[in-house]
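Chains as they are written, first to last, in my numbering: chain A, 1 to 374; chain B, 375 to 709.
What follows is the structure in structure tokens.
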């Protein structure tokens, strides 16, 4: 186990050029890989069933949220359809004291971190700019500016290193983000400071309408070694391989080995957001190819092969997903609109004479309306 | 009490902050062994170690973005931006992240980050080394913006900026780095957001900050020869502006002149002039006047004496608000 960890350096990438690290083939068979296997040796039938439940609940939440947007109850939703294994496999590798900095599509990561279903919604219904307190779950409010959060993860990891604790930070971002200067700067800083950070890139093949080939003419994972950061290119629709790769990277970080870059190759099966029209740019044949590599179908076949896909498990997962969907709808409709004067809250942590005056003036103005809108 | 240069007063403030709170870390280019290009961090890495005084790779966005992550972890980062004109690569992280995270998270995540910026001209520098970008940041909600003008304030204000739970842009008047003054570590400092009347006068209120406070005081002294009594207000805080102090002064004098090195259009002078006009229109004897850099890019060094407001341009503006003959009188006659 440790031998493979020590081999992880830029000069000897774990994944051969053009290949993907894999433990589950698209038809659900275990693929032998002596380097990865030890890292998921503890994933027993109960753990596999739990992963199946996670993947299924997250997909159901995503589908249900998309429907809520279509019904006008959410302003926007960024579907993660197809990326469930990349998110669950990585997030379930984390410890509670690790901290993740994500983009806005990581609702599956949020679910795994313990963000409640109700807390997923305020940002998308427009009632708040953050759904949760980051310190409650070890996950920052998702960043909307592409790639900005990779620097935050690096700084957080640097803080862990200064303190001498073995917590790690994980930066989640997409293939589009890798063109942003911040992502390259984050890799420079992380490498120079040996910061305990994992750069987890979900290559979902699309940045809105731009294909990954526009962002990178070579595999994205190949970029990291030039920064002095070892990288792995993993099948992002294989929940076990993703988990193994993330655990390897986290263990490196905890042992003072510094940053690791993971490219999880997956596919965005839905639109960029509910405002997007992928019919204008996605090749249906390519999408069909990826549908055949679906992360949940794959795990189902594997469970079936092992004789674990029992009626009991199916019923249990059905109950979980139904309950999640009902909770999502209930929580969405129950979200209160914020009070008018809360627009002034928390701009500053300490009193600010200019803003305090503005609040007082607007409050007086609202009073003209008998408080009907305050 | 010790006589210190303004630069060394900041060094002392940084040192005391590092001693007082082990969550304070310094991050910037060349701030370690070199002590910064202006030597403001001189000796601090030797005394506090490479984990607290951190030489950063050359990337301003990453210096600020990494500070955001450190703040998430509970640190109080102090970033040094080497020169005013180098801050723009960090602009996105400052405006989109540092300024907004406390608001975004409804107060859950604090950003007690201090961003030190040597600013302003007058040192005969090459391009990008003499700028006054403060208005970009005063326009940004969520940031506090301050500028010191003397060693005592430099010491006290940098300590207050670091102790603040809000992000603070700390603009250091680089051409006054070598000005010397007494620094009393025990003195009770006025609040960070307050302005101060640094010379009392009866006829004109002259508002300045940072490098031009000294110029404004010189102008006030020179005005005495013309029988004009000028009150000088050192703004100190550019966001928030302590309008109460400025307003009280203008109510007494009836006249306002605002000076800064930054460009004219949309500058801080416009905000001071319009707010004071709103608040005390009926106390004004003359329209407020701004004396600023021109609406040009910062020029080559041999032209900067024309760009920068100096004593004579300030006195010319004083003449305008006093209704005396001034440089515009000729234009009005020919027009």
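Positions of the beta carbon are idealized from the N, C-alpha and C atoms, including for glycine. Computed from a predicted structure; not experimentally measured.
Residue(s) in a DSSP beta bridge with residue i
i, result
"residue 203 of chain A", "A:265"
"residue 651 of chain B", "In DSSP, residue 651 of chain B forms no bridge with anything."
"residue 428 of chain B", "B:401"
"residue 57 of chain A", "None; residue 57 of chain A has no bridge partner."
"residue 172 of chain A", "A:200"
"residue 605 of chain B", "B:579"
"residue 554 of chain B", "B:379"
"residue 518 of chain B", "B:542"
"residue 489 of chain B", "B:453 and B:543"
"residue 560 of chain B", "In the DSSP output, where bridge partners are listed per residue, residue 560 of chain B has none listed."
"residue 139 of chain A", "A:100"
"residue 235 of chain A", "A:265"
"residue 632 of chain B", "B:581 and B:664"
"residue 571 of chain B", "B:607"
Distance between residue j and residue i (C-alpha atoms, nearest Å)
i, j, result
"residue 448 of chain B", "residue 425 of chain B", "15 Å"
"residue 334 of chain A", "residue 118 of chain A", "9 Å"
"residue 687 of chain B", "residue 572 of chain B", "20 Å"
"residue 496 of chain B", "residue 634 of chain B", "13 Å"
"residue 597 of chain B", "residue 630 of chain B", "15 Å"
"residue 362 of chain A", "residue 618 of chain B", "19 Å"
"residue 370 of chain A", "residue 353 of chain A", "26 Å"
"residue 609 of chain B", "residue 381 of chain B", "20 Å"
"residue 242 of chain A", "residue 86 of chain A", "6 Å"
"residue 189 of chain A", "residue 436 of chain B", "7 Å"
"residue 295 of chain A", "residue 88 of chain A", "11 Å"
"residue 460 of chain B", "residue 613 of chain B", "21 Å"
"residue 402 of chain B", "residue 269 of chain A", "43 Å"
"residue 650 of chain B", "residue 252 of chain A", "59 Å"
"residue 519 of chain B", "residue 58 of chain A", "44 Å"
"residue 54 of chain A", "residue 259 of chain A", "27 Å"
Buried or exposed by the 16-neighbour rule on C-beta atoms within 10 Å, applied to residue i
i, result
"residue 384 of chain B", "buried"
"residue 407 of chain B", "exposed"
"residue 238 of chain A", "buried"
"residue 514 of chain B", "buried"
"residue 293 of chain A", "buried"
"residue 432 of chain B", "exposed"
"residue 760 of chain B", "Past the boundaries of the shown model lies residue 760 of chain B; chain B is included only from 375 to 709, so the question cannot be answered."
"residue 263 of chain A", "buried"
"residue 526 of chain B", "buried"
"residue 456 of chain B", "buried"
"residue 493 of chain B", "buried"
"residue 111 of chain A", "buried"
"residue 206 of chain A", "buried"
"residue 330 of chain A", "exposed"
"residue 676 of chain B", "exposed"
"residue 175 of chain A", "buried"
"residue 310 of chain A", "exposed"
"residue 34 of chain A", "exposed"
"residue 124 of chain A", "buried"
"residue 191 of chain A", "buried"
"residue 716 of chain B", "Absent from the model: residue 716 of chain B. The displayed extent of chain B is 375 to 709, so no value can be given."
"residue 540 of chain B", "buried"
Query raised in the report: Can at least three beta-carbon pairs, one atom from the segment 18-35 of chain A and one from the segment 230-241 of chain A, be found at a separation below 8 Å?
Result: yes
Query raised in the report: Of all the residues that make up the segment 461-485 of chain B, which are near chain A by a beta-carbon distance shorter than 7 Å?
Result: Result list: 466, 467, 470, 471, 476, 477, 478, 479, 480, 481, 482, 483 and 484.
Query raised in the report: Going along the segment 522-544 of chain B in order, which residues come within less than 8 Å of chain A, judged by CB to CB distance?
Result: 538, 539 and 540
**Report entry** Cβ contact check for the segment 187-199 of chain A and the segment 154-162 of chain A: 3 or more pairs under 8 Å
**Finding:** yes
Query raised in the report: Listed from N- to C-terminal order along the chain, which residues in the segment 138-164 of chain A have their beta-carbon within a distance smaller than 9 Å of any beta-carbon of chain B?
Result: For the segment 138-164 of chain A, the beta-carbon criterion of a distance under 9 Å to any beta-carbon of chain B is satisfied by 140, 141, 143, 144, 145, 148, 149, 150, 151, 152, 153, 154, 155, 156, 157, 158, 159, 160, 161, 162 and 163.
Query - the segment 606-633 of chain B: positions lying closer than 8 Å to chain A by Cβ - result: 613, 614, 615, 616, 617 and 618
Report task. Residues of the segment 435-446 of chain B with a CB closer than 9 Å to any CB of chain A: list them in chain order, please. Result -> 435, 436, 437, 438, 439, 440, 441, 442, 443, 444, 445 and 446
Query raised in the report: Which residues, taken in chain order from the segment 343-356 of chain A, show a beta carbon closer than 9 Å to some beta carbon of chain B?
Result: 345, 346, 347, 348, 349, 350, 351, 352, 353, 354, 355 and 356
Query raised in the report: Would you call the segment 636-643 of chain B and the segment 498-512 of chain B touching, i.e. three or more CB-CB distances under 8 Å?
Result: Flag = yes, the segment 636-643 of chain B and the segment 498-512 of chain B touch.
**Report entry** Validate contact between the segment 334-347 of chain A and the segment 268-277 of chain A using beta carbons, cut 8 Å, 3 pairs
**Finding:** In short, these stretches do not touch, since the Cβ pair count stays below three.
Query - Residues, ordered as in the chain, of the segment 167-187 of chain A that lie near chain B by beta-carbon distance below 8 Å - result: 169, 181, 182, 185 and 186
Query raised in the report: Going along the segment 560-574 of chain B in order, which residues come within less than 8 Å of chain A, judged by CB to CB distance?
Result: 567
Query raised in the report: Relative to chain B, which residues along the segment 303-320 of chain A have a C-beta separation below 7 Å, given in chain order?
Result: none
Query raised in the report: Can you find at least 3 beta carbon pairs, one from the segment 283-293 of chain A and one from the segment 92-102 of chain A, that sit closer than 8 Å?
Result: Cβ pair count under 8 Å is below three, so no.
Report task. Quick one: which residues of the segment 658-676 of chain B get their C-beta closer than 8 Å to a C-beta of chain A? List them in chain order. Result -> none
Report task. Could you please tell me which residues of the segment 122-138 of chain A, in chain order, have their CB closer than 8 Å to any CB of chain B? Result -> 128, 129, 130, 133, 134 and 135
**Report entry** Residues from the segment 378-407 of chain B in contact with chain A, defined by Cβ distance under 8 Å
**Finding:** 399
Query raised in the report: Would you say the segment 522-542 of chain B touches the segment 556-570 of chain B, given that touching needs at least three Cβ pairs under 8 Å?
Result: Touching, yes, given that three or more Cβ pairs across the two stretches are closer than 8 Å.
**Report entry** the segment 460-471 of chain B contacting the segment 143-151 of chain A, beta-carbon criterion three pairs below 8 Å
**Finding:** yes
Query raised in the report: For the segment 489-518 of chain B, which residues have a beta carbon sitting closer than 7 Å to at least one beta carbon of chain A?
Result: For the segment 489-518 of chain B, which is checked against every Cβ of chain A, the residues closer than 7 Å are 515 and 516.
Query - At least 3 beta-carbon pairs within less than 8 Å: the segment 569-587 of chain B vs the segment 689-705 of chain B - result: yes
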